[in-house]
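Residue numbers (my numbering): 539 to 619.
This is how it looks when you write it as structure tokens:
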């Protein structure tokens with residue numbers, strides 16, 4: 539389930555996928571981050587950067603090349619079964 543965020547002036551949303559009566563939206567304001575940048579930011583997903591463990595995988599703390607702090611969830615293989 540994905541809750542649709544409240545509308546903001548000037549924010550453009552595009553429907554991405556429909557699941558039953560729920561639509562997931564992509565905000566143009568979101569940035570795509572390349573896998574090489576994620577690998578660098580998390581020091582190749584090193585165990586010292588683990589900040590959490592959820593039902594779908596580990597969460598790593600990292601810093602992007604531009605200095606932004608990020609949390610990256612690396613999905614585990616089991617989450618696709």
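Every residue gets a Cβ at the ideal spot worked out from N, C-alpha and C, and that includes glycine.
- Message: By DSSP's criteria, residue 607 is part of a beta bridge. Which residues make up the other side?
- Response: The secondary-structure analysis by DSSP pairs residue 607 across a beta bridge with 601.
- Message: Quick check on DSSP: helix, strand or coil for residue 587?
- Response: helix
- Item | residue 577, enclosing alpha helix (DSSP H) - first and last residue | 573-579
- Query: Can you check whether the CB of residue 594 is closer than 8 Å to the CB of residue 613?
  - Reply: Judged by beta-carbon spacing, residue 594 lies within the 8 Å limit of residue 613, meaning their Cβ atoms are closer than that value.
- Backbone CA spacing between residue 576 and residue 608 [nearest angstrom]: If you draw a straight line from the Cα of residue 576 to the Cα of residue 608, it is about 9 Å long.
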